[in-house]
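Peer 1: Residue numbers (the numbering used here), protein chains in the order written: chain B, 854 to 1031; chain Y, 76 to 501.
1. Please state whether DSSP places residue 971 (chain B) in a helix, a strand or coil.
2. Do we get a CB-CB distance below 8 angstroms when we pair residue 315 (chain Y) with the residues of chain B?
3. For residue 377 (chain Y), does the three-state DSSP call read helix, strand or coil?
4. Are the region 379 to 386 of chain Y and the region 169 to 179 of chain Y in contact at 8 angstroms, needing three or more beta carbon pairs?
5. Just to confirm my understanding: we take residue 90 (chain Y), look at its own chain, exclude 5 residues before and 5 after, and list those with CB closer than 8 angstroms. What are they?
6. Could you pull the start and end residues of the alpha helix (DSSP H) that residue 1015 (chain B) belongs to?
7. Run through the DSSP bridge pairs and tell me what residue 228 (chain Y) is partnered with.
8. Hey, residue 200 (chain Y) and residue 288 (chain Y) are a contact pair by Cβ (cut 8 angstroms); roughly how many whole angstroms apart?
9. Would you mind sorting residue 1003 (chain B) into buried or exposed? The rule is 16 or more other CB atoms within 10 Å of its CB.
10. Whose C-alpha, out of Y:203, Y:182, Y:183 and Y:207, is nearest the C-alpha of residue 190 (chain Y)?
11. Does the beta carbon of residue 1019 (chain B) come closer than 8 angstroms to any beta carbon on chain Y?
12. Would you mind working out which of Y:334, Y:330 and Y:376 sits nearest residue 77 (chain Y), comparing C-alpha positions?
13. Give me, in chain order, the residues of the same chain whose beta-carbon lies closer than 6 angstroms to that of residue 349 (chain Y); leave out the 5 immediate sequence neighbours on both sides.
14. How many angstroms separate the CA atom of residue 393 (chain Y) from the CA atom of residue 501 (chain Y)?
15. Within the same chain, show all residues whose beta-carbon is closer than 6 angstroms to that of residue 860 (chain B), passing over the 5 residues directly before and after it, in chain order.
16. Going by C-alpha distance, which of Y:236, Y:263, Y:136 and Y:487 is nearest residue 921 (chain B)?
17. Name the residue from Y:435, Y:83 and Y:163 whose alpha carbon lies nearest to the alpha carbon of residue 230 (chain Y).
18. State yes or no: is the C-beta of residue 193 (chain Y) within less than 8 angstroms of the C-beta of residue 171 (chain Y)?
19. Give the residues of chain C in contact with residue 218 (chain Y), contact being defined as C-beta atoms less than 7 angstroms apart.
20. Give me the Cα-Cα distance between residue 885 (chain B) and residue 109 (chain Y), rounded to the nearest whole angstrom.
21. I'd like the list of long-range same chain contacts for residue 957 (chain B), defined as Cβ closer than 6 angstroms, with 5 residues on each side in sequence excluded.
22. Is it a yes or a no for the region 244 to 257 of chain Y touching the region 345 to 365 of chain Y, going by three-plus beta-carbon pairs under 8 angstroms?
23. Just the C-alpha distance for residue 854 (chain B) and residue 118 (chain Y), rounded to the nearest angstrom, thanks.
24. I need the straight-line Cα distance from residue 427 (chain Y) to residue 408 (chain Y), nearest angstrom please.
25. Please classify residue 372 (chain Y): is it buried, with 16 or more other beta-carbons within 10 angstroms of its beta-carbon, or exposed?
26. Is it a yes or a no for the region 870 to 883 of chain B touching the region 973 to 993 of chain B, going by three-plus beta-carbon pairs under 8 angstroms?
27. Can residue 298 (chain Y) and residue 271 (chain Y) be called in contact, C-beta distance under 8 angstroms?
28. Is it buried or exposed, residue 929 (chain B), if we count other Cβ atoms within 10 angstroms and call 16 or more buried?
29. Let me confirm a value: residue 879 (chain B) is counted as buried when at least 16 other C-beta atoms fall within 10 Å, else exposed. Which label applies?
30. Compare the C-beta of residue 299 (chain Y) against all C-beta atoms of chain B and say whether one is closer than 8 angstroms.
31. Measure how close the beta-carbons of residue 863 (chain B) and residue 917 (chain B) come, nearest whole angstrom, since I'm counting them as under 8 angstroms.
32. Could you give the first and the last residue of the continuous beta strand (DSSP E) run that contains residue 85 (chain Y)?
33. Name, going along the chain, the residues of the region 430 to 453 of chain Y whose beta-carbon falls closer than 7 angstroms to a beta-carbon of chain B.
34. Given that residue 873 (chain B) touches chain Y, what residues does it touch there, using C-beta distances under 7 angstroms?
35. Three-state secondary structure (DSSP) at residue 923 (chain B)?
36. Using a beta-carbon distance below 8 angstroms, is residue 885 (chain B) in contact with chain Y?
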């Protein structure tokens, strides 16, 4: 069901470490058998001051910028899916839980890792207005733009993860190869 | 340089290395339940690839919400059930025969030393207790596992946890793992395998080792693992007798899946548990851990004993020893869910169910139940649960609820007093 994704766009900052998959999509919604049905429940239980899961900022976002160990806890792929069906195809974080990170690339989406100092700079832009993120996967470079200010960051991505994104996901990659 | 058990299993199962550092492993077990598998099945059908790589290596169970509670969960169960029948999967466990996945699959002898195991469930790390590499994965990995029998991993480094000393009376595997997670932090083992070693682990039963490995993921670990030994052989014996003939032969074979003395570890951490007290979590992260004594007196509304962490027969015995002849406090709702029908039956025979019922516990059928707030035992806003499960995330057992993780004995003590209590003080 995965297809090639559009990366980058306007970002929402979730300025907290250890955001878990129960916060991204609570277990009570795991009874759905389609990705689309998850759409209204994105980040419903996120514990973060000032965050509104029904707010305009999240509605308009296509990129999430966040802190360390994002997506910890349950293996539920419903977490990447709820981002996917809400148009968020890129997450930029200091680090990830292993399963969440793999699930993102398996769905043909991007889980980009940047050092804390870079994340600090992007988050500092949040005060200047809407942050727009441009992702150049080939060049492995991110441009963050807000309030007339441009910031550039290089990121690492493994050849395997790049191949998953190019293929549209792990099912496509594996089906062609095994 | 020697190898760790994980390195040995990876080497023996390497199917492909499409890029440097990416290991595609062949799988011995692909385990399925009704929450994460139906979307994979639907996608395979949509792709016109509704096939399974090996029906004898795929095992399936309905465990999270069973019996189904509404139309949606009935549909999930039906999708899994129809798929299992369509592909004639011999080991599929439904109503009357079903139990919590990470309890029932080992109980059936499905997990052996040296195996590679995946499941769309983060607590798949439990099965590492048998000297296997067992990892929780998402639905896409599961889907490819079902279709092709492979899964890709970055070869993880191993953190060796030496559990030294002697556990004091009333202090158990759950207290050890909570303490270890408290020290490691929730991402202290990300992309790492936690190898549990030392005399305390050597002296543990398979049940206790499963409790240790079950919570490796709460420190971010890919898998928990214990060395296979005679305890492992004894547990598996009914299933391997024909293959090996003698226990010594089985042990000799399994010794190939023991880490070498000169293996290379990412880190080696030593824990002396001789003075360890019962542990409990506070707040909403499993690394927020304190001795029970420091939380004593905290109000509890519900006690939940069960789950893939602590729903096995030893756990029920441990709780029943505390509960025997006592009553659940008026302010508390006690719920116990034996993890499998076999455990339920054994608990009946040993009079454990009677002890729970006399104390005022509600005994449910084997299911994941309250642990993740999907079916029975959901908390109301502002309520607290003393639970033998593995996760205390905000909202985990119901929106606005608080979960305190602890051992079965501690949970039983909380049921009697209505507040967090060290069972040793009763």
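Every residue gets a Cβ at the ideal spot worked out from N, C-alpha and C, and that includes glycine.
Peer 2: To lay it out plainly:
1. Locating residue 971 (chain B) in the first chain gives position 118, where the first residue counts as 1. When DSSP states are grouped into helix, strand and coil, residue 971 (chain B) belongs to the helix group.
2. Numbered from its first residue, the second chain carries residue 315 (chain Y) at position 240. No, because no Cβ of chain B sits closer than 8 angstroms to the Cβ of residue 315 (chain Y).
3. By one-based count along the second chain, residue 377 (chain Y) stands at place 302. The answer is strand: DSSP assigns residue 377 (chain Y) an E or B state.
4. With a cut-off of 8 angstroms, the region 169 to 179 of chain Y and the region 379 to 386 of chain Y count as touching, because enough Cβ pairs lie within range.
5. Looking up residue 90 (chain Y) in the second chain gives position 15. 99, 100, 101 and 225.
6. The residue you call residue 1015 (chain B) lines up with position 162 of the first chain. It spans 1012 to 1020 - the alpha helix (DSSP H) in which residue 1015 (chain B) sits, taken as one unbroken run.
7. Sequence index remark: in the second chain, residue 228 (chain Y) carries index 153 (1-based). For residue 228 (chain Y), DSSP records a beta bridge to Y:98.
8. In the second chain, counting from the first residue as 1, residue 200 (chain Y) sits at position 125. In the second chain, counting from the first residue as 1, residue 288 (chain Y) sits at position 213. Confirmed, about 6 angstroms.
9. Counting from one through the first chain, the residue named residue 1003 (chain B) turns up at place 150. Its Cβ having fewer than 16 others within 10 Å, residue 1003 (chain B) is exposed.
10. Indexing the second chain from 1 puts residue 190 (chain Y) at position 115. Ranking Y:203, Y:182, Y:183 and Y:207 by Cα distance to residue 190 (chain Y) puts Y:207 first.
11. Taking the first residue of the first chain as 1, we reach residue 1019 (chain B) at position 166. No, because no Cβ of chain Y sits closer than 8 angstroms to the Cβ of residue 1019 (chain B).
12. Within the second chain, the letter at position 2 stands for residue 77 (chain Y). Closest in alpha carbon position to residue 77 (chain Y), among Y:334, Y:330 and Y:376, is Y:334.
13. Numbered from its first residue, the second chain carries residue 349 (chain Y) at position 274. Closer than 6 angstroms at Cβ, skipping near neighbours: 240 and 241.
14. For the purposes of this step, residue 393 (chain Y) is identified with residue 318 of the second chain, where counting begins at 1. For the purposes of this step, residue 501 (chain Y) is identified with residue 426 of the second chain, where counting begins at 1. So the two alpha carbons sit approximately 14 angstroms from each other.
15. Stepping through the first chain from its first residue, residue 860 (chain B) is reached at position 7. Excluding positions up to five away in sequence, the list reads 942, 943, 963 and 988.
16. Taking the first residue of the first chain as 1, we reach residue 921 (chain B) at position 68. Measuring C-alpha to C-alpha distances from residue 921 (chain B) to each of Y:236, Y:263, Y:136 and Y:487 identifies Y:263 as the nearest.
17. Looking up residue 230 (chain Y) in the second chain gives position 155. Among Y:435, Y:83 and Y:163, the Cα nearest to that of residue 230 (chain Y) is on Y:83.
18. Taking the second chain and counting its residues from 1, the one referred to as residue 193 (chain Y) is at position 118. Taking the second chain and counting its residues from 1, the one referred to as residue 171 (chain Y) is at position 96. Between residue 193 (chain Y) and residue 171 (chain Y), the C-beta gap is not smaller than 8 angstroms, which leaves the two residues out of contact.
19. As a matter of chain content, chain C is missing from the structure shown, whose protein chains are B and Y.
20. The residue given as residue 885 (chain B) occupies position 32 in the first chain. The residue given as residue 109 (chain Y) occupies position 34 in the second chain. When rounded, the distance between both Cα atoms is 11 angstroms.
21. The residue given as residue 957 (chain B) occupies position 104 in the first chain. Around residue 957 (chain B): 933 and 964.
22. Output reads yes: the region 345 to 365 of chain Y touches the region 244 to 257 of chain Y.
23. Counting from one through the first chain, the residue named residue 854 (chain B) turns up at place 1. Counting from one through the second chain, the residue named residue 118 (chain Y) turns up at place 43. With a pLDDT of 43 at residue 854 (chain B), under the threshold of 50, the predicted position of this residue should be treated as unreliable, and no value is reported.
24. Position 352 of the second chain, counted from the start, is the residue given in the question as residue 427 (chain Y). Position 333 of the second chain, counted from the start, is the residue given in the question as residue 408 (chain Y). Inter-residue distance for residue 427 (chain Y) and residue 408 (chain Y) is about 18 angstroms (C-alpha atoms, whole angstroms).
25. As a working note, residue 372 (chain Y) is residue 297 in the second chain. By the neighbour-count definition (other C-beta atoms within 10 Å, threshold 16), residue 372 (chain Y) is an exposed residue.
26. With a cut-off of 8 angstroms, the region 973 to 993 of chain B and the region 870 to 883 of chain B do not count as touching, because too few Cβ pairs lie within range.
27. Taking the first residue of the second chain as position 1, residue 298 (chain Y) is located at position 223. Taking the first residue of the second chain as position 1, residue 271 (chain Y) is located at position 196. No, they are not a contact pair.
28. If you number the first chain from 1, residue 929 (chain B) lands on position 76. Per the 10 Å Cβ criterion, buried.
29. The residue you call residue 879 (chain B) lines up with position 26 of the first chain. With 16 or more other CB atoms across the displayed protein chains lying within 10 angstroms of its CB, residue 879 (chain B) is buried.
30. Taking the second chain and counting its residues from 1, the one referred to as residue 299 (chain Y) is at position 224. No, because no Cβ of chain B sits closer than 8 angstroms to the Cβ of residue 299 (chain Y).
31. For the purposes of this step, residue 863 (chain B) is taken as residue 10 along the first chain, with counting starting at 1. For the purposes of this step, residue 917 (chain B) is taken as residue 64 along the first chain, with counting starting at 1. Cβ atoms of residue 863 (chain B) and residue 917 (chain B) stay farther apart than 8 angstroms, at about 11 angstroms.
32. Against the second chain, residue 85 (chain Y) aligns to sequence position 10. Not the beta strand (DSSP E): residue 85 (chain Y) falls in the alpha helix (DSSP H), residues 80 to 88.
33. Those would be 447, 448 and 449, in chain order.
34. In the first chain, residue 873 (chain B) corresponds to position 20, counting from 1. By Cβ distance, chain Y contributes 468.
35. Position 70 of the first chain, counted from the start, is the residue given in the question as residue 923 (chain B). Residue 923 (chain B): strand per DSSP, three-state reduction.
36. Within the first chain, residue 885 (chain B) is the residue found at index 32, counting from 1. Taking CB atoms only, residue 885 (chain B) has a neighbour in chain Y less than 8 angstroms away.
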